[in-house]
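Engineer: Numbering (numbering that gives the first Met the number 0), first residue to last: 0 to 340. Even glycine gets a Cβ: it sits at the ideal position worked out from N, Cα and C. Since the structure is predicted, the reported quantities are computational estimates derived from the model, not experimental observations.
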Amino acid sequence: MTVRLGFIGTGDLGADHVRRCANILSGATVPALYNRTQSKAQTVAEQFASEALVTATPEELIESPEVEAIVISSASQTHEDLVLKAIEAGKYVFCEKPLATTADGCERILHAESAAAKRLVQVGFMRPYDDGYQNLKSLLTDDAVGPVLMAHAAHRNPFSGPHYTREMLISETLIHDINTFHWLLGESFRTVQVFYPRPTSRADAALRDPQLVLLETSSGVLITVEVFVNCQFGYDVQCALIGENGELRLPEPARAALRKNGQTSVAIPMDCKERFATAYDRELQAFVDGVAAGTLTGPDSWAGYVASATADACIRAQKSGQKEAVQLITQPEFYRNDTAV
0 MTVRLGFIGT
10 GDLGADHVRR
20 CANILSGATV
30 PALYNRTQSK
40 AQTVAEQFAS
50 EALVTATPEE
60 LIESPEVEAI
70 VISSASQTHE
80 DLVLKAIEAG
90 KYVFCEKPLA
100 TTADGCERIL
110 HAESAAAKRL
120 VQVGFMRPYD
130 DGYQNLKSLL
140 TDDAVGPVLM
150 AHAAHRNPFS
160 GPHYTREMLI
170 SETLIHDINT
180 FHWLLGESFR
190 TVQVFYPRPT
200 SRADAALRDP
210 QLVLLETSSG
220 VLITVEVFVN
230 CQFGYDVQCA
240 LIGENGELRL
250 PEPARAALRK
260 NGQTSVAIPM
270 DCKERFATAY
280 DRELQAFVDG
290 VAAGTLTGPD
300 SWAGYVASAT
310 ADACIRAQKS
320 GQKEAVQLIT
330 QPEFYRNDTA
340 V
């Protein structure tokens, strides 16, 4: 079976997803594309999907009988509305993180999907498809280090750009780490707190970059996450979990070491597309396979909700300077037996 995917948003990551669909994935075609700037969608179509229709509106793409499933990589503030329209149309939808920009928005998606009585949504958290994170998860499942007591992580980008706001360090960057620990530890979060170290001179002072976030899980595990979006040197993700009997540490990406001129060096990826290229391939292939089988297995709407609700608390903590409680609704029955990653 070939799954017909319509892509909404053909910017940097969206275009890369169209490319992987055309060149890497199996069992998928691209009959339609939409981008707010139509010329961008047309350029991507010419490069990777010459027969694709460039639609005038996202609604036209969602409603098209030529489109079976939808991939959303548009601006974050558009996600909620587009996901709800896809659910209303009864179509499977892969939505890049965040599922919605607020927990309330995610709740509306939970209610709509539950009312449809069919799992239709996969959220674009790619780390569970990365070899290193999968290895961590496997060792945790095998109780390799005993109960986890605390964890440390870092999420660094070389540059953030002028559009990046203080809140986006949470809603666009930290949200990956929130989901990662929710998935690795199998528990949600109780409280959060945000600290501001000495700021870098490489970013606007209002950004307050870097930031240090303290997450407390429901069982009392304490997690520190450094978020630094103007670190200059590359895209760098770190993760360590300390248990009663040992430590687990995320391995560095496998790269050749260059020995030259009296030095040894290993290149660092410069963006997430490079660092997680294989994970992106796997998550979209899982979506395509899930649509074909009629059963999605990737991160679900509940995972998206937990991440956004925790991010909301972190943004409150940014402003208050205090420890803030994470406020979660009771998990709907619809999601309790889900086999999502």
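#1: If we ignore side chains and look at the alpha-carbon of each, how far apart do T223 and S264 end up?
#2: With distances taken from CA atoms, which of A266, F227, L119 is nearest Y163?
#3: With the cut-off set at 8 Å, would you say F124 and F286 are in Cβ contact?
#4: Quick one: grab the DSSP three-state call for V82.
#5: How would you write the range of the alpha helix (DSSP H) that F227 sits in, first residue to last?
#6: By the 10 Å Cβ neighbour count, where 16 or more other Cβ atoms means buried, how is T36 classified, buried or exposed?
#7: Just the C-alpha distance for M269 and C105, rounded to the nearest angstrom, thanks.
#8: Which residues bound the beta strand (DSSP E) around F194?
#9: C271: which of I7, H16, R3 sits nearest, CA to CA?
#10: Can you say whether K318 is buried or exposed, counting buried as having 16 or more other CB atoms within 10 angstroms of its CB?
#11: From I71 to R201, what does the alpha carbon distance come to, in whole angstroms?
#12: My guess is that A68 and V2 are in contact by the Cβ rule of under 8 Å, so how many angstroms apart are they, rounded?
#13: Run through the DSSP bridge pairs and tell me what T263 is partnered with.
#14: For S73 versus I7, is the C-beta distance shorter than 8 Å?
#15: Starting from the C-beta of G58, find all residues in its chain whose C-beta is less than 8 Å away, skip the five residues before and the five after it, and write them out in chain order.
#16: Going straight from the alpha carbon of Q46 to that of A14, what length do you get?
#17: In chain order, what residues of the same chain lie with their CB nearer than 7 Å to the CB of D235, ignoring the 5 residues before and after it?
#18: Please report how far the alpha carbon of K322 lies from the alpha carbon of C313, in whole angstroms.
#19: With 16 as the cutoff for other CB atoms within 10 Å, does T329 come out buried or exposed?
Structural biologist: Considering the structure as presented:
#1: Residue numbering aside, residue 223 sits at position 224 when the sequence shown is read from its first letter. Residue numbering aside, residue 264 sits at position 265 when the sequence shown is read from its first letter. Between T223 and S264, the C-alpha separation is close to 28 Å.
#2: Residue mapping note: residue 163 aligns to position 164 of the sequence shown, counting from 1. Ranking the options by Cα distance to Y163, first place goes to F227.
#3: Within the sequence shown, numbered from 1, the residue matching residue 124 stands at position 125. Within the sequence shown, numbered from 1, the residue matching residue 286 stands at position 287. Taking 8 Å as the Cβ cut-off, F124 and F286 do not qualify as a contacting pair.
#4: Within the sequence shown, the letter at position 83 stands for residue 82. The answer is helix: DSSP assigns V82 an H, G or I state.
#5: Along the sequence shown, read from residue 1 onward, the residue named residue 227 stands at position 228. Element bounds for F227: not the alpha helix (DSSP H) but the beta strand (DSSP E), 221-227.
#6: Start at 1 with the first residue of the sequence shown, and residue 36 comes out as number 37. The residue in question, T36, is exposed, as its Cβ has fewer than 16 Cβ neighbours within 10 Å.
#7: The residue given as residue 269 occupies position 270 in the sequence shown. The residue given as residue 105 occupies position 106 in the sequence shown. If you take the alpha carbons of M269 and C105, they lie about 31 Å apart.
#8: The residue given as residue 194 occupies position 195 in the sequence shown. It spans 188-194 - the beta strand (DSSP E) in which F194 sits, taken as one unbroken run.
#9: In the sequence shown, residue 271 corresponds to position 272, counting from 1. For the residues I7, H16, R3, the minimum Cα distance to C271 belongs to H16.
#10: For the purposes of this step, residue 318 is taken as residue 319 along the sequence shown, with counting starting at 1. Counting Cβ neighbours within 10 Å, K318 comes out exposed, since fewer than 16 surround it.
#11: On the sequence shown, residue 71 is found 72 positions in, with the first residue counted as 1. On the sequence shown, residue 201 is found 202 positions in, with the first residue counted as 1. I71 and R201: Cα-Cα distance of roughly 32 Å.
#12: Locating residue 68 in the sequence shown gives position 69, where the first residue counts as 1. Locating residue 2 in the sequence shown gives position 3, where the first residue counts as 1. Right, their Cβ atoms sit about 6 Å apart.
#13: For the purposes of this step, residue 263 is taken as the residue at position 264 of the sequence shown. Per DSSP, R258.
#14: Mapped onto the sequence shown, residue 73 falls at position 74. Mapped onto the sequence shown, residue 7 falls at position 8. Contact flag set, yes.
#15: Numbered from its first residue, the sequence shown carries residue 58 at position 59. The residue you asked about is not Gly; residue 58 is Glu in the sequence shown. For E58, where only same-chain residues beyond five positions count, the Cβ hits under 8 Å are K84.
#16: Position 47 of the sequence shown, counted from the start, is the residue given in the question as residue 46. Position 15 of the sequence shown, counted from the start, is the residue given in the question as residue 14. Using only the alpha carbons, I get a separation of about 10 Å.
#17: In the sequence shown, the residue the question calls residue 235 occupies position 236. Cβ neighbours of D235 beyond the five flanking positions: A153, R155, I267.
#18: Here residue 322 refers to the residue found at position 323 when the sequence shown is read from its first residue. Here residue 313 refers to the residue found at position 314 when the sequence shown is read from its first residue. When rounded, the distance between both Cα atoms is 9 Å.
#19: Locating residue 329 in the sequence shown gives position 330, counting from the first residue. That one is exposed.
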